[in-house]
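Asker: A single structure is presented below for examination.
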Amino acid sequence: MNMVRLLMMLEGLSIALIVMHFITPSIYYVIARGWLRLSSKTGSRDGLTTEPPFVSIIIPTYNEAKVITQKLSNIYLQDYPRDRFEVIIVDSGSTDGTMDLIREWVKGHGDINVRVIEEGVRMGKAHALNTALRNAKGDIIVITDADSTWLRDSLRNAVTWLVNDCVGAVSCNKVPRTNKDVETEYRNYYGLLRIAESRKFSSAIFHGELAAFKRDLLEKIGGFPTDLGADDSHTAGLISMMGYRAIIPEDVKCIEYVPSKGYWTWRIRRAQHLIQHFLRFLRYVLIDGRDLPRDYRQIMLYESYLHLVNPWLFVVGLVLIIISAIHGALIPIALLLIGAALLVIKIFRTWVMTQVILVAAAIRNLWNKELVWRKIEK
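Heads up: the sequence shown begins at 1 in UniProt numbering, then just goes up one per residue.
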């Protein structure tokens, strides 16, 4: 009798965990859809003056020979006055000829200011960003990955939003270039949340393809954090905690190239960095007792739950369902069959894989934070 009662308890708990796992993000999605109607909350753009702000564009590089020429040409063709921005490249010991290609490109483009800082060794992306920040002249600091592409108006649109006094940081909508249905479906859901959160107050996550910050705010927070991986997201978060908005508007778009080889390693590493970001946020709120803008606090608590807790409900619930099914419980058997059938649906399959990635990333963070990571070709 005790065994029967235990199995019934496991069955009930497993179903409750799975139901909670799917209901909670569904509620947040509905709430976020409502935020999309808050177009006026994003704040009006004041437009660029006759003399736009001077911008420092920072590109950290390590063995970028396959993409660096294309990246520099992409920046060169931006719809922004070339005498109002500089490009600072911080190279961390490239061995594939990246530096030679940069020097060759610069020789043929004398009307753009490109400065190169050679660190010699890899000390992490954030270290390279802070090195560039100390040498930057711009009032606006823009960081970008070498293996990403901006649309022609990406820089202008980002800077235009930053002219607004209430906006402290701006990032981009990512348009993935990939043949992986899982990534495309994930980005559709993910992108909607970033825009919705921006309309409410601030996006919980920023993107390294293009992240622009007001320099004075960067200096107030001490530059980019070097002890966790999500330097872009966490920097934006610290600025939001000061009361400024960190937004992802619809008109700032970038192309993200998704690796075909090493895709799952790439996804896990990025998930690791986001988990570090949200764990640090919870420390600020629960341990340090920091006072946050109410709207931003709401967004970050939702997202922290979705990244840190909800994936484990799925895993634990699934394990308990399997145990119950092995012992002949009919409802868990039916749930397993339904779940297996639903895997043919792209959005369900994408969701399940994302939960597995977050759990794997949380476990890997226990011994390796991936602050200096192995380069994956895109």
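Cβ atoms here follow ideal geometry from the backbone N, Cα and C, with glycine treated the same way. Here the structure is a predicted model, which is why all the values come from computation and not from measurement.
Taking the alpha-carbon positions, what's the GLY43 to ASN164 distance?
Answerer: Sequence index remark: in the sequence shown, residue 43 carries index 43 (1-based). Sequence index remark: in the sequence shown, residue 164 carries index 164 (1-based). Residue confidence is low: GLY43 scores 47 on pLDDT, short of 50, so the model does not pin down where it sits. Its coordinate-derived value is still stated next. Whole-angstrom Cα-Cα distance: 8 Å.
Asker: On the DSSP letters alone, give me the boundaries of the alpha helix (DSSP H) that VAL159 sits inside.
Answerer: What you label residue 159 is simply residue 159 of the sequence shown in a count that begins at 1. It spans 154-162 - the alpha helix (DSSP H) in which VAL159 sits, taken as one unbroken run.
Asker: Given a cut-off of 8 Å, decide if ARG199 and TRP351 are closer than it, judged by their beta-carbon atoms.
Answerer: Stepping through the sequence shown from its first residue, residue 351 is reached at position 351. Stepping through the sequence shown from its first residue, residue 199 is reached at position 199. Cβ atoms of TRP351 and ARG199: not closer than 8 Å.
Asker: Determine the closest residue to TRP105 out of ASN63, LEU286 and GLN70, with distance taken between C-alpha atoms.
Answerer: Counted from its first residue, the sequence shown places residue 105 at position 105. When only C-alpha atoms are compared, the closest one is GLN70.
Asker: What's the gap between the Cα of LYS174 and the Cα of LEU366?
Answerer: Reading the sequence shown from its first residue, position 174 is the one you call residue 174. Reading the sequence shown from its first residue, position 366 is the one you call residue 366. Roughly 29 Å separates the two Cα atoms.
Asker: For LYS41 and PHE201, I'd like the C-alpha separation in whole angstroms.
Answerer: Stepping through the sequence shown from its first residue, residue 41 is reached at position 41. Stepping through the sequence shown from its first residue, residue 201 is reached at position 201. Low per-residue confidence applies at LYS41: pLDDT is 47, beneath 50, and the placement is therefore not dependable, though the value from the model is reported in the following sentence. Between LYS41 and PHE201, the C-alpha separation is close to 8 Å.
Asker: Buried or exposed: which applies to ILE275, given that a residue is buried once 16 or more other Cβ atoms fall within 10 Å of its Cβ?
Answerer: Start at 1 with the first residue of the sequence shown, and residue 275 comes out as number 275. Looking at its Cβ environment, which holds 16 or more other Cβ atoms inside 10 Å, ILE275 is buried.
Asker: Specify the secondary structure class of ILE31 as computed by DSSP and reduced to three states.
Answerer: Position 31 of the sequence shown, counting from 1, holds the residue named residue 31. DSSP places ILE31 in helix when its eight states are reduced to three.
Asker: Within this structure, are the beta carbons of VAL258 and ARG177 separated by less than 8 Å?
Answerer: One-based indexing of the sequence shown puts residue 258 at position 258. One-based indexing of the sequence shown puts residue 177 at position 177. It is a contact, given that the beta carbons lie within the stated cut-off.
Asker: Rounded to a whole number of angstroms, what is the C-alpha to C-alpha distance between ILE338 and MET242?
Answerer: Indexing the sequence shown from 1 puts residue 338 at position 338. Indexing the sequence shown from 1 puts residue 242 at position 242. In a straight line, the C-alpha of ILE338 is about 47 Å away from that of MET242.
Asker: Ignore the nearest five residues each way along the sequence and tell me which others in GLU64's own chain have a CB closer than 6 Å to its CB.
Answerer: To locate residue 64, count along the sequence shown from 1; it is residue 64. If we look at GLU64 and ignore the five residues flanking it on each side, its Cβ neighbours are THR98 and ALA146.
Asker: Return helix, strand or coil for ILE18, following the three-state DSSP convention.
Answerer: Numbered from 1 along the sequence shown, position 18 holds the residue referred to as residue 18. DSSP places ILE18 in helix when its eight states are reduced to three.
Asker: Where does the unbroken alpha helix (DSSP H) through VAL106 begin, and where does it stop?
Answerer: Start at 1 with the first residue of the sequence shown, and residue 106 comes out as number 106. Per DSSP, VAL106 belongs to the alpha helix (DSSP H) from 98-107.
Asker: Taking DSSP's pairing of strands, which residues face TRP150 in a bridge?
Answerer: Within the sequence shown, the letter at position 150 stands for residue 150. Its beta-bridge partners are CYS254.
Asker: Taking the runs of the beta strand (DSSP E) that are 3 residues or longer, which of them lie wholly in the region 219-302?
Answerer: 245-247 and 253-257, all fully within the region 219-302.
Asker: Suppose contacts are defined by Cβ-Cβ distances below 8 Å. Is ASN310 in contact with HIS21 by that definition?
Answerer: Locating residue 310 in the sequence shown gives position 310, where the first residue counts as 1. Locating residue 21 in the sequence shown gives position 21, where the first residue counts as 1. Yes. Within cutoff.
Asker: Using 8 Å for Cβ pairs, my map puts ARG267 next to ILE357. What's the rounded Cβ distance?
Answerer: On the sequence shown, position 267 is the one that residue 267 refers to. On the sequence shown, position 357 is the one that residue 357 refers to. Confirmed, about 5 Å.
Asker: Using the C-alpha atoms, what's the distance from LEU38 back to LEU318?
Answerer: Numbered from 1 along the sequence shown, position 318 holds the residue referred to as residue 318. Numbered from 1 along the sequence shown, position 38 holds the residue referred to as residue 38. Near 38 Å, if we compare the C-alpha coordinates of LEU38 and LEU318.
Asker: Just to check my reading of the structure: residue 393 and LEU228 have Cβ atoms closer than 8 Å, yes? What is that Cβ distance to the nearest angstrom?
Answerer: Only positions 1 to 378 of the chain appear in this structure, which leaves residue 393 out of reach.
Asker: Leaving out five residues on either side along the sequence, give the residues of the same chain with a beta carbon under 7 Å from the beta carbon of GLY262.
Answerer: Taking the sequence shown and counting its residues from 1, the one referred to as residue 262 is at position 262. Cβ neighbours of GLY262 beyond the five flanking positions: ILE376.
Asker: How far does the alpha helix (DSSP H) with PRO81 in it extend, from its first residue to its last?
Answerer: As a working mapping, residue 81 is identified with position 81 in the sequence shown. Segment: none, PRO81 is in no alpha helix (DSSP H) and carries neither H nor E.
Asker: Report the three-state DSSP secondary structure of LYS200 (helix, strand or coil).
Answerer: Sequence index remark: in the sequence shown, residue 200 carries index 200 (1-based). Here LYS200 sits in helix by DSSP.
Asker: Counting only the same chain and skipping the five closest in sequence on each side, list residues whose C-beta sits under 6 Å from that of PHE213.
Answerer: As a position in the sequence shown, residue 213 is number 213, starting the count at 1. These residues qualify, in order along the chain: ILE141 and ALA169.
Asker: Just list the residues that DSSP pairs PRO52 with in beta bridges.
Answerer: As a position in the sequence shown, residue 52 is number 52, starting the count at 1. None; PRO52 has no bridge partner.
Asker: Just the C-alpha distance for ARG103 and VAL116, rounded to the nearest angstrom, thanks.
Answerer: For the purposes of this step, residue 103 is taken as the residue at position 103 of the sequence shown. For the purposes of this step, residue 116 is taken as the residue at position 116 of the sequence shown. Cα to Cα, ARG103 sits roughly 9 Å from VAL116.
Asker: Ignore the nearest five residues each way along the sequence and tell me which others in PHE348's own chain have a CB closer than 7 Å to its CB.
Answerer: Counted from its first residue, the sequence shown places residue 348 at position 348. Cβ neighbours of PHE348 beyond the five flanking positions: LEU342.
Asker: Does DSSP put ASN130 in a helix, in a strand, or in coil?
Answerer: Residue 130 sits at position 130 when you count from the first residue of the sequence shown. ASN130: helix per DSSP, three-state reduction.
Asker: Does the Cβ of TRP264 have 16 or more other Cβ atoms within 10 Å, making it buried, or fewer, making it exposed?
Answerer: Residue 264 sits at position 264 when you count from the first residue of the sequence shown. Exposed, by the Cβ-count rule.
Asker: Distance check for ASN2 and GLY328, CA to CA, integer angstroms please.
Answerer: By one-based count along the sequence shown, residue 328 stands at place 328. By one-based count along the sequence shown, residue 2 stands at place 2. Approximately 16 Å, taken between the alpha carbons.
Asker: Using DSSP's beta-bridge definition, name the partner residues of ASP91.
Answerer: Here residue 91 refers to the residue found at position 91 when the sequence shown is read from its first residue. Bridge partners of ASP91: THR61 and GLU118.
Asker: Return the bridge partner residues of ARG177 from the DSSP annotation.
Answerer: Locating residue 177 in the sequence shown gives position 177, counting from the first residue. Per DSSP, TYR257.
Asker: So, under 8 Å CB-CB, ILE247 and VAL167 are touching, yes? Tell me the CB distance rounded to an integer number of Å.
Answerer: Residue 247 sits at position 247 when you count from the first residue of the sequence shown. Residue 167 sits at position 167 when you count from the first residue of the sequence shown. Contact holds; Cβ gap of about 6 Å.
Asker: Mapping the DSSP letters down to three states, classify GLY43 as helix, strand or coil.
Answerer: Your numbering for residue 43 matches position 43 in the sequence shown. Summary for GLY43: the model assigns pLDDT 47, below 50, so the residue's position carries little reliability; its value from the coordinates is reported in the next sentence. Coil, per DSSP.
Asker: Leaving out five residues on either side along the sequence, give the residues of the same chain with a beta carbon under 7 Å from the beta carbon of ASP231.
Answerer: Here the question's residue 231 lines up with position 231 in the sequence shown. Excluding sequence neighbours, ASP231 sits near LYS125, ALA126, LEU129, PHE224 and PRO225.
Asker: Any idea what DSSP makes of PHE348, helix, strand or coil?
Answerer: Working through the sequence shown from its first residue, we reach residue 348 at position 348. Residue state, collapsed to three classes: helix.
Asker: If LEU6 sits next to SER324, beta carbons under 8 Å apart, how far is it from one beta carbon to the other, in whole angstroms?
Answerer: Counting from one through the sequence shown, the residue named residue 6 turns up at place 6. Counting from one through the sequence shown, the residue named residue 324 turns up at place 324. Not quite, the Cβ-Cβ distance comes to about 10 Å (not below 8 Å), so this is no contact.
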